[in-house]
Amino acid sequence: MSSTPNTPSPLPPATRREFLKAGSGAALTAMMAQPSLGSVFVEGSDTIRVGLIGCGGRGTGAAFNALKADPGARLVAMGDTFADAVASSRKSLQESEEVSAQVTVSDEHCFAGFDAYQKVIEQSDVVLLVTPPHFRPQHLRAALEAGKHVFCEKPIAVDAPGVRHVLESGKLATEKKLSVVTGLCYRYHYAKRETMKRIHEGAIGDIVALETSYNIGGLWHRGRQPEWSDMEWQVRNWLYFTWLSGDHIVEQHIHSLDKIAWAMGSYPVKCTASGGRIVRTEEQWGNIYDHFNTTFEWENGVRGYSSCRQWNNAVADVSDHVFGTKGRCTVQAHEITGENEWRWRSEEPDDMYQNEHDELFRAVRSGEPINDCEIMSHSTLMAIMARMSAYTGQSITWDQALNSQESLTPKAYEWGELAVAPIARPGITEFV
Ligand SMILES: NC(=O)c1ccc[n+]([C@@H]2O[C@H](COP(=O)([O-])OP(=O)(O)OC[C@H]3O[C@@H](n4cnc5c(N)ncnc54)[C@H](O)[C@@H]3O)[C@@H](O)[C@H]2O)c1
Numbered sequence: 036m037s038s039t040p041n042t043p044s045p046l047p048p049a050t051r052r053e054f055l056k057a058g059s060g061a062a063l064t065a066m067m068a069q070p071s072l073g074s075v076f077v078e079g080s081d082t083i084r085v086g087l088i089g090c091g092g093r094g095t096g097a098a099f100n101a102l103k104a105d106p107g108a109r110l111v112a113m114g115d116t117f118a119d120a121v122a123s124s125r126k127s128l129q130e131s132e133e134v135s136a137q138v139t140v141s142d143e144h145c146f147a148g149f150d151a152y153q154k155v156i157e158q159s160d161v162v163l164l165v166t167p168p169h170f171r172p173q174h175l176r177a178a179l180e181a182g183k184h185v186f187c188e189k190p191i192a193v194d195a196p197g198v199r200h201v202l203e204s205g206k207l208a209t210e211k212k213l214s215v216v217t218g219l220c221y222r223y224h225y226a227k228r229e230t231m232k233r234i235h236e237g238a239i240g241d242i243v244a245l246e247t248s249y250n251i252g253g254l255w256h257r258g259r260q261p262e263w264s265d266m267e268w269q270v271r272n273w274l275y276f277t278w279l280s281g282d283h284i285v286e287q288h289i290h291s292l293d294k295i296a297w298a299m300g301s302y303p304v305k306c307t308a309s310g311g312r313i314v315r316t317e318e319q320w321g322n323i324y325d326h327f328n329t330t331f332e333w334e335n336g337v338r339g340y341s342s343c344r345q346w347n348n349a350v351a352d353v354s355d356h357v358f359g360t361k362g363r364c365t366v367q368a369h370e371i372t373g374e375n376e377w378r379w380r381s382e383e384p385d386d387m388y389q390n391e392h393d394e395l396f397r398a399v400r401s402g403e404p405i406n407d408c409e410i411m412s413h414s415t416l417m418a419i420m421a422r423m424s425a426y427t428g429q430s431i432t433w434d435q436a437l438n439s440q441e442s443l444t445p446k447a448y449e450w451g452e453l454a455v456a457p458i459a460r461p462g463i464t465e466f467v
């Protein structure tokens, strides 16, 4: 099985990266001397203050990657809905041999609660947004309005209003010359970039079909403590509630959908999906499905077939295949067969989780921003469109999905009662 980027790795394996040759000593001083629009550092120093919002598995990993990316980066603030998450994340970063010296978060700059993000943003130059996806549009807007650069995990929303909000935020980032780097990490994997470049240059001819799978076992479940309110139970187990995660087709399979859209160079105009709950039927699994199958259609008639499921003890497969008139590309293997045989070979380090932060901090230092808002919004929408189709049993067009008025936001972000929305039933659940 190929890599499964959704398996959180709190602290990625240690390989000292060479990157900041440019980020140390004289080269760094020279770069800092240049006017750097949109780059706000602590006055008179080369320190970049980093703030982490969402201190779980991936958040801790992202903070580690950010600190490794730039010797001038300091983790100065951390926020989470839960104080225990902040404490355990800070502890593992403080205990990491590689980055502990860069972890300078004081007790006063550890924040808990639904408003923790605002306090972290205030303290930071670069903000890492790594909460469950539901909160991303709100957090992203707040960071950009405050003039901060952002690393933004995928997906960027759970519903169409959220996607539209992020598309607007993308314009704000452009105006303010701020960077927003996506956690769609394959976009920062050099082997994938080279593979896609070859597809785009015609190595497999014209694309006639695509197939992609994210078929794996189940992920974590954090149970329920008697003292937890409904809201706490759901936020702690956010994967299993559509309003928080978008369902696993949005939360996880987005990686695969992003890859086939990347290969095509455009997004599908329509899809027809099916899905349901076969093995995760008990209340603890909230209201998400455990499998989806989708046919996507592009404007030129090309079809893409996608499958994702989270079933234990079933065959696993995370792969993507692009079929063309001159050959075939197996994307995860970085291999092309047919008229133009090719396989990626390189001994260079290519840790996509590290690459995305290396490129972000380079952009921040150089004042040449990266803005991934459109890619991450559209790939998120592709997944939401498929979920809408599976939930309703209808074919859904891109325009319908983009203009959908369905909002999954609860009445209030408060620790208390919160009913679980009914599980969608195709043919009965209506498209909104
Ligand atoms: N790119 C990848 O390969 C990859 C891998 C894993 C996770 N992710 C993404 O990263 C995000 C986080 O996933 P994770 O695995 O770290 O989950 P996690 O549950 O381990 O961490 C999420 C943290 O966010 C906190 N949180 C929830 N609501 C919050 C709010 N409103 N404000 C502040 N904090 C809040 C939670 O308490 C938790 O500590 C998700 O969007 C997920 O899809 C991406």
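Residue numbers (my numbering): 36 to 467. C-beta atoms are modelled at their ideal positions from N, C-alpha and C, and glycine is treated no differently.
heavy atom of ligand 1 below 8 Å from residue i C-beta
i    : result
F186 : no
D241 : no
P445 : no
R93  : yes
Q345 : no
P172 : no
E262 : no
Q158 : no
K154 : no
W273 : yes
H200 : no
I88  : yes
T166 : yes
E286 : yes
F358 : no
T116 : yes
K189 : yes
H290 : yes
Y249 : no
A218 : Note that residue 218 corresponds to Gly in the displayed sequence, not to Ala. Yes, since a heavy atom of ligand 1 falls inside the 8 Å radius drawn around the Cβ of G218.
V215 : no
V85  : no
A98  : no
V270 : yes
R120 : Correcting the residue type first, residue 120 is Ala in the shown sequence and not Arg. The answer is yes for A120.
Y426 : no
Buried versus exposed call for residue i [16 or more other C-beta atoms within 10 Å across all chains shown]
i    : result
S442 : exposed
E143 : exposed
S264 : exposed
K154 : buried
P106 : buried
A136 : exposed
N272 : buried
N100 : buried
K232 : exposed
P384 : exposed
S439 : buried
Nonlocal neighbours in the same chain, by C-beta distance under 7 Å from residue i, ignoring five residues either side
i    : result
E286 : P168, P190, L274 and S280
S342 : S248, N250 and N328
I234 : A298, V357 and C364
V399 : S74, I83, V161, H184 and S214
Reference residue i; option with closest CA among the options
i    : options                   : result
M417 : E370, D194, V366 and R344 : D194
A151 : V134, D81 and F170        : F170
Y251 : A238, T230, V201 and H283 : Before going on, a small fix: residue 251 reads as Ile here, not Tyr. Minimum Cα distance to I251 is reached at H283.
G311 : V198, W346 and A208       : W346
H184 : V198, C145, Q173 and L164 : L164
P303 : D105, T330 and E394       : T330
V243 : V337, R422 and V111       : V337
Q389 : K211, A98, D115 and N272  : A98
G94  : D81, A136, R84 and V162   : V162
A459 : P404, H288 and Y324       : Y324
L219 : L292, N272, V198 and G197 : L292
S127 : G92, Y249, Q153 and K154  : G92
A454 : Q269, L202, T116 and I88  : Q269
A447 : A368, W320, R271 and M266 : M266
L245 : H356, E318 and A238       : H356
S354 : V366, V138 and K361       : V366
T415 : T372, K294, D385 and E403 : K294
R259 : R228, R233, W320 and W278 : W320
S301 : H224, E332 and H326       : E332
R378 : A226, P404 and F396       : A226
9 Å Cβ cutoff, residue i in contact with chain C
i    : result
L245 : Among the protein chains of the structure shown there is no chain C, as only one such chain exists.
Cβ-based neighbour list, residue i, same chain, cut-off 8 Å, excluding 5 preceding and 5 following
i    : result
G205 : V215, N406, C408, E409 and S412
Beta-carbon proximity list for residue i, same chain, < 6 Å, skipping 5 on both sides
i    : result
M420 : C306, I431 and A436
G60  : Residue placement at G60 is poorly supported in this model, since its pLDDT is 32, which falls under 50; the coordinates still yield a value, given next. Correct list: empty, nothing qualifies.
A456 : N322
Contact test: residue i Cβ vs ligand 2 heavy atom, cutoff 8 Å
i    : result
F149 : As far as ligands go, the structure on display features ligand 1 and does not contain ligand 2.
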